[in-house]
Each structure stands twice: as C-alpha cells, then as structure tokens.
Amino acid sequence: MKRKISFSLILLFFLIFLVYPISFILYQCFFPNGNFTLKILKIAITSYVIRKSIINSFILGFIVVLTTSIIGIPLAFIFDRINFKGKSTLRVLFLLPMILSPFVGSIGIKQILSRFGSLNILLIKLGIIKEPISWFGSGFPGIVILQTLHLYPVMFLNISAYLNNYDISVEEASYNLGATTLQTFFRIIFPIILPGYFAASSIIFIWSITDLGTPLIFEFNNLISVKIFYTLKDINTNPVGYALVFIILFLTLFLFIFTKKYLEKAPYTTGRTTIQAKEKEIRGKKLFLLYLSLFIILFLSLIPHFSLIFFSFSKKWFFTVLPTEYTDEYYKVVFTHRLTKTGIFNSLIYSSISTTLDILLGFFIGYILARWKIKGKGLLDTLSMVPLIIPGIVLAFGYVSTFSNTIFDPKNNPVFLIILSYSLRRLPYLVRTTHSSFLQLNRELEEASYSLGGNEGTTFKKIIFPLVSPGLFAGGILAFAFSLMEVSCSLILAIREKFYPISKVIYTLAGRVTDGPNTATSLGVIGTIITGICLFISTKILSKKIGEFFRIG
Amino acid sequence: MEKEILTVENVDKSYNGKEVLKNINFSVYENDFFFILGPSGCGKTTLLRIIAGFVEPDRGRIILNKKDITKTPPNKRNIGLVFQNYALWPHMKVIDNIAYGLKIKKYSEDFIRKRVKEIIRITKLENVENFYPSQISGGQQQRVALARVLVTNPQILLLDEPLSNLDAKLRDDLRREIKRIHKETGITMVYVTHDQKEAMTLGTTIAVMKEREIIQIGSPYEIYTNPENFFVASFIGDINKLKGKIVEKSRDIIKVETAEGFFFAKLKKEIASENVLLCFRPESISVMESINKIKGKMQDYEFYGDIVKINIITQKDNTFRIAIFPDDFNKYKTGENIVFSIKEDKIMVFEE
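Protein chains in written order, with our numbering: chain R, 30 to 582; chain S, 21 to 372.
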C-alpha cells in the first residue's frame, strides 16, 4: 500500500510537469483548430531548409559520437589499466572539460580560431600560412570541436565504470586461448563494455543534436535545435515549431527505445569480480610517451578554457597571438555588478536544490525500477527517461506556454520551474546511473541482509545505499555541473533580471558591445571554477573513501 | 520422536511455463544435517530459495516449527542462508559483516560484542576480523559467510553449494569444519550440493533430486545400498549394470537372461516389466559363489591404497568394475582372465 502511494505520487509528478507540457505541444501540432491535421507537419517536412537541418543534426550527432569515442575509450583504458604518477590529478583534469559549458567555451575559442584569431596569427608569424584559414568554415566544425571536448568525459566515465565492473579473468581466458590484444578487445572486451558504450553514445548523440547554445554562438542555423529556437519567437503565427518538436521527439524516442531494447538483451554483468585488473606499472620511454600523449590531449581539450581565461583578463587583444595588455577589472566587475552577483547566487541556489531533488528522485526511481515488482513500472521507466529526449528549449517552451497565467507563471516567478526544469533534464542521468548500479549489484548482497532479518529500510540504508552511492555521487556531480551552466531553459524561463542564472547573465553580457564579452568570460571562468571545485572534491571523496574498498576479490 | 523443524509440502514452481520443481515433499528434523543432492539444473537452488523466502512457490507450503511461512517475507523467517558466492558486503569489515544480523535485531552492544566474539572463535576468524572481505582468502570469506549467519542463531541453516568455489584441500578442511560446527552448535542444516561425496560424508539424510523432482530420501546408507532407481544408484558411487530379461520367477527370486548368461537375483520390491537392469556395486562381488559368475579380462586398475578397483572387459564387450583388497591384488595381472560372482541379494534390480 505504501509502495502504491509513493509510486503514484512519482507518476503524478511526471504527468503534471512532463507529460502535460509535452502533450500540449503535440496537441498544438496536430490539433491546432481542434481537429486532427497533418498540415503543420507537412509544411515542415516539405521545406528544404528544415530537411537539411534534420540531416545536419544527425551528421553532427554521429560525428560527435565518433570523436568522443576516439578520445574517451583509450583514456578509460589507460586510467583503468596503467598506474602512473599524478593519475588521480590527471583524471580530474580530464573531467574538467565536462563542466565548461560549450556555450561559454565557444566565446573563448572564437578568439583563438577565428579568422584573425591567435592560431592563424601564430601560423602566419611562423610563415606556415600566408592567408588566414577559416577553421570554423560554416561554423559546423566549431560545434563539433566544442561538443566533442565537452562530451568525451561522458564516454570516459561510462566506459571506466564498465571496465571497473568485470572480472579480468574473462580477458585472460581469451589471451590464454591464443587471442591477440586486438582480438581480445573486439571479441571479448568490446562486447562486454558495449552496453556502456551504447548508453554513453545515445546520451552523447541526443545531447549533441539538441544543443542550442553552441550553434547559436557559432551562428550555424541549419540545425534542428536552432530552427526550433527561432520558430519559438513567432510561434503564434508560425506553428512549424510544434512540428519540429514532434520530429525531434519522434527520432530521439526511436533511438531511446532501440537502446533500451538493446540493453535489455545484453545484460553482461559478471556479477562478482573475483579478479580485478592489475594496474600495470610503466617506466622510461613508455611512460614519457604516455605523459606526452595525455598532455597533448589535455592541452587541446583545455584550449577553450585557456582562451576563456586569457579573454577574461585581456585588456587588449587584437591581431596578436596572446593579449598585449592584461587587467583584472572584469573580475572586480563580476563581484560588484548587481547583475553578475545575482546570477552567481541564483545559479548556486537553483543547482543545489535541483541536484538534491535529482539524487533523491533518481535513487528512488532507480531502486523501484531495479527491485520492485509493481504495475506501471515500464511507464515509470519511460517517463523518467523521457527528459533525455526533450531538448531544454522544448521543455522550457512547454512550461512557458502551459503554465502561463497559473501560479507557476515564469513571468512572475520562474524559480520553481527553473529548478524543476534543471532537475528533470538531469534526472535521466541519475536514474540511469543508479539503475545500472543496481543491475550490477549482486542481488545476493541484499538477500543476505533480508535473510538475516533486515527489512527493506535497513537493507536500503546499510547495504544498498553504501554500495550504490559511488554511482549516485558521480551522477550528482554530473547533474550539478550541468545545471550550474545550463543554457536552454535558463535563457527562456528566466524572464526577469532578478531571477537570471549565470548563463543568462553571460548571454546578456556577451551581447553588449564594449566590455560585455570580457565580463561575460570572467563570469564564465568563475562559474567553471565553482563547478570544477565541486567536481574535484567529489572525485577525491569517491576515489579515496569508496573506490578502494569496493573491490572484492 | 524427533522434532520436525522444517516441512516442505507439495511444492511446485514454474518459470515462464517451464517447470523447475514438481511436487516436492520432505521434512527436516532437529539437529539433522539434511542434504539436497542433484546434478546442476535440477532445481535444488530454487528449492533452497523458496525455503529462504526469495522465491514464492506456485503451489504448496513451507512449514517451519509448525508455522506456515509460505507467505512470510525472508527477513521475518529466521532462516540462515549461506550463499554460493558468499555475498559478503564489500564495504563492511569482517566483524561488521558478522555483527549485522544482531544489529538488525537490536541486541545490546554488549551482547553483540560477546556473541560475535564467540562466533569468531568458533569459525576461527580471530586474525581477520578487522579486514575487508577483499583482503582475506577464499576460505576465510567462506567462514565469514558462515559466521554471519550462525551468529543470529537461526532456526535452520541453509547452505547453497558453499564449498564449490574452493580448491580441493580447502574443501576438505572446510567440510570437516562445517561438520564440527554442526556438532558444536547443534544447528539444523539444509545443504544443497551436486557433490555426492559431500552428501555421503556429512549428511544424516539425503534427498536425491533429478529434473525437478525428489527421487529418494534416506540416510546415506539406505541411499547407497538400496537406491530407488538406476539414476540414484549411478549418481551415488560406482555402479555396474547389465541388461537382461526375466525368464523365470519364483516368489522373490528371479532368473534373468543376459549377454553374460543367466543370473539370479533377489527382488526387494515388485517389478512391472520383463526387461530389467541388473546392477551391483564394485565392492559387492565375491569369488566364492557358484552362480552369477562373470568372466573377463583385466583391462586396467586404480590403486587407492585401501582398495584397488579393477576394470574388466568380457568377451561380449561388457565392462565391469570391481573392488578388491590390496592383499588380493597380487593374484591378478593386466590382460589376464578374472572370474568373479555376485550374490543374488547384492544385485539391485531396476526396470529398464
């Protein structure tokens, strides 16, 4: 009975704040006048520009999955299998790109890679090129670069988690039977980590095609997300936006179901890991090469960070590789300016509350999905994953249109809806992480507790929570980092200045002609540092306290 | 009359239409060391999980101390379960793993300390109590799993192939250890295994399972000397078999025609078909009888020290295995003929 009530409450929550706003949009798409019509969808599909945008979005998604795999998978293996000095610090540094919103990063990297940016000027000075190269072209390569740098940690984290969770003897058995490293990788390791890879890929793909901030800064408009954003402005006269939302929902839903079916089919958990992979010590030349390659990747992935920092300190930076004059005045502005102060304060509040909500909800839902036998579980699973395929702009727009003139009206006070949108958008990550932790958690550990007299509560508190919490904290970090610099919902929902979160402040400042962009980057740096510190602390806690003792063997 | 602790009554269980347990019935008495013995996949682990409460039977009842516990959740049953993979909690020290059940039951700290200490002594874990499970050996992990359950003093202790993850030497050690603990604590145990040696050496009662069903329940002696059918006979110990057809019957003595000639056997129960399997244990042979003779060549032998087992092949290509004492072994040579016979009451007769 208690179960049914809490279960129903969770479902109700999703119905009101997720299903209803989305249904509202769909209704507007197919029943604009109360009668069913495909007219709006037809207008969208027959348009050449829209078709092109859809194709572009897909190409973007696939390329980013590929590039993040190329970086993320080898990294995961290096950190799992090799022991070297500075490993834990490097691990944190490699996660750093994740906390830099590509939207903020693109302001910085433009300074480096633009036509008369640092790189071209450097190359011209060195005599390598004569004419400046257009690195971004249409802007598309720029989006790929920033999304890749932002998203490869997702791949890295997912693959690492899977590598951590299987018995190394399955690999050794393959070597024992005469397989080479490559054969073993493709026949044994890859199939085992495939579910993790698939999950990571689908997250990355969906993230990539629904990213709004980055294409906006690069002014690359032929993407479905940007098209949706622009049609939002005149949605009352041009309903194509509804159709676009429908298309993106349909496509991502398809991908999601496909992934889900696949994961169900391949529950490769080896259960108890009897033998843990031994970390190999390397020395001399090999160690040097390892460091070199790691630092090169790190340097490249931190270019947006560096450029952001230089930009925020630069007083003069025209046609030179690095700024010619530096100043700290923009930082002073950040801490004195009313707008920036409000932004930092608001973002911290919004993100902390939404992350707490995420952890609680994510854990509970993950638990229900993995352990309860209750009717409607499939529905809950779907609902908790739906936010993954709902771009922020869609959710935000849904909120604005659905809750206008109610107590939640964002025009009056958007705090509730902002927190809720942050929370809902990150919830799938938490549910996913906890759910998969549960699936990998040997059920006998719980059963042992029950058979010794523990009830659901105690077992939860003493056995399940301590064992699942590493995944939970990792998910919490992700949620917090993403929320702090969240773009789409922030831009749309925070209508009055007093409720602006950091990203809206940055966006506003970046649009100001004179000192605006500098202050914007300063704020971006501060926001990134805050999330960086959080990530650092959490990773320390995770690796020291929990990581070591969670290996049974 | 011994006291019944656990009764399993008419239990059926299917998964997705596939029957895994069929009409299971048995009782376990106080201080019993009850074995459920069967090959892999015969449903014995499911049966154990039903007793522990992790699986609900489709039909039937589980009765513990005269109380129907079929619907009782596992945490209210007070049945100890030792998992095949131990299921030790990796985030708790050995001592915390062991104390868990007592803490759950909210005993006083003083009592918990004393009781845990006692169990640690019984299971010989004194040196590792402050280690994490990952830091101790497989044998020690097994002891912790045992200690964790024993400490709560359950009404009955279930063990799911507890020795299957250990090497031979450790298995032997722990087998003795478990026997000692059984004696020392007097706890009633239900032990699931596919290893007949374990069942024969430890068990007071054995239930032999085959494909969802219990075939026979009895003491190791009964099971060995008077198996219900050929499966039981062959699952426990070595067995020789010879196909044949009943040609004559007078009271409980039958005359059977086989490829090796006519054999006489004593029936212990009525048999329905004419076609039978005559079986005997390697050690049941004798050399003195005038009937039931088998002649063959000695193929090879296995020397066990206390006995020697000889493999014999007859002219009709039937193979037999006999056991003799080492002192008698000197008379025989590989490749030479051996004649032996079986007393008619040592022959087990099964329907074919």
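Ideal placement from N, C-alpha and C gives every residue a C-beta, glycine not left out.
key: Proximity winner among A229/R, L321/R, T75/R and L453/R, relative to L119/R (alpha-carbon distances)   = L321/R
ask   = If you drop the 5 nearest sequence neighbours on each side, which residues of the same chain put their C-beta closer than 7 angstroms to that of F51/S?
value = As written in the sequence, residue 51/S is Asn, which differs from the Phe given in the question. Excluding residues within five positions, the ones whose Cβ falls inside 7 angstroms are G206 and T208.
query = Closest to S254/S by CA distance: which of F283/S, P302/S and T213/S is it?
reply = The shortest C-alpha separation from S254/S is found at P302/S.
Neighbourhood of T224/S by C-beta distance below 6 angstroms, restricted to the same chain and skipping five residues each side = D52 and F53
message = Per the DSSP calculation, M368/S is bridged to which residue(s)?
response = C299/S
query = How is I304/R classed by DSSP in three states: helix, strand or coil?
reply = Note that I304/R scores a pLDDT of 47, beneath 50, so its modelled location is shaky; the value from the coordinates is reported in the next line. Correct three-state label for I304/R: coil.
ask   = With DSSP run on the structure shown, which of helix, strand or coil describes R200/S?
value = Helix.
message = Taking 9 angstroms as the threshold (C-beta atoms), are I291/S and I305/S in contact?
response = no
6 angstroms CB neighbourhood of V228/S in its chain, flanking five on each side removed = L57, I235, Q236 and V252
ask   = Distance, Cα to Cα, T177/R vs M184/R?
value = Distance between T177/R and M184/R, taken at the CA atoms: about 10 angstroms.
task = Measure the alpha-carbon distance for I559/R versus K314/R and round it to whole angstroms.
result = 37 angstroms
key: Within-9 angstroms CB hit, Y191/R to chain S   = Chain S has no Cβ within less than 9 angstroms of the Cβ of Y191/R.
key: Beta-carbon contacts of P59/S that lie in its chain and below 6 angstroms, excluding the five residues immediately before and after   = H214
ask   = So, I259/S versus P240/S, is the Cβ gap smaller than 9 angstroms?
value = Against a cut-off of 9 angstroms, the Cβ pair of P240/S and I259/S comes out as no contact.
ask   = Applying the criterion that 16 or more other CB atoms from any shown protein chain within 10 Å of the CB defines a buried residue, is T548/R buried or exposed?
value = buried
N-terminal and C-terminal residue of the alpha helix (DSSP H) that F339/R is part of = It spans G313 to F342 - the alpha helix (DSSP H) in which F339/R sits, taken as one unbroken run.
query = Would you say G264/S and F283/S are within 9 angstroms of each other, going by their C-beta atoms?
reply = Yes, Cβ-Cβ distance for G264/S and F283/S is below 9 angstroms.
Residue nearest to Y360/R in terms of C-alpha spacing, selected from S343/R, I34/R and G421/R = S343/R
ask   = Since N98/S meets chain R, which of its residues come closer than 8 angstroms, beta carbon to beta carbon?
value = Within chain R, the residues placing a beta-carbon under 8 angstroms from that of N98/S are G482, ordered along the chain.
request  = Compare the Cα-Cα distances from V94/R to each of L408/R, S230/R, F132/R and F489/R and report the closest residue.
outcome  = S230/R
message = In chain order, what are the residue ranges of uninterrupted alpha helix (DSSP H) at least 4 long that sit wholly in the segment 219-274 of chain S?
response = 240-245 and 250-255, all fully within the segment 219-274 of chain S.
query = Mind checking if K33/S is an interface residue toward chain R, Cβ cutoff 9 angstroms exclusive?
reply = It does not: the Cβ of K33/S has no partner Cβ on chain R nearer than 9 angstroms.
task = Starting from E473/R, follow the alpha helix (DSSP H) in both directions and report where the run begins and ends.
result = R472 to S480
ask   = Comparing alpha-carbon positions, which option in S452/R, Y536/R and I521/R lies nearest A510/R?
value = S452/R
request  = Please list the partners that G121/S has in chain R, where partner means a Cβ-to-Cβ separation under 7 angstroms.
outcome  = The contacting residues are L481 and G482.
query = Using a beta-carbon distance below 9 angstroms, is K139/R in contact with chain S?
reply = no
request  = Starting from M184/R, follow the alpha helix (DSSP H) in both directions and report where the run begins and ends.
outcome  = F169 to L192
inquiry  = Measuring straight from C-alpha to C-alpha, what distance separates R135/S and L170/S?
reply    = 10 angstroms
ask   = How is S380/R classed by DSSP in three states: helix, strand or coil?
value = helix
task = Mark S413/R as exposed unless 16 or more other C-beta atoms lie within 10 angstroms of its C-beta, in which case mark it buried.
result = The residue in question, S413/R, is buried, as its Cβ has 16 or more Cβ neighbours within 10 Å.
inquiry  = Helix, strand or coil for G10/R? Go by DSSP, reduced to three states.
reply    = The structure shown does not extend to residue 10/R, since chain R is modelled only from 30 to 582, so the question has no answer here.
Cβ-Cβ separation, N36/S to R79/S (assumed contact under 8 angstroms), whole Å = Contact doesn't hold; Cβ gap of about 17 angstroms is too wide.
is_contact[N62/R, chain S] using C-beta, thresh 9 angstroms = no
inquiry  = Can you tell me which residues form a DSSP beta bridge with V28/S?
reply    = F46/S and I82/S
query = Say the cut is 8 angstroms; is the CB of T92/S nearer than that to a heavy atom of the ligand COA?
reply = Among the components of this structure there are no ligands whatsoever, and the ligand COA is therefore not found.
inquiry  = I need the DSSP call for L351/R, collapsed to helix, strand or coil.
reply    = coil
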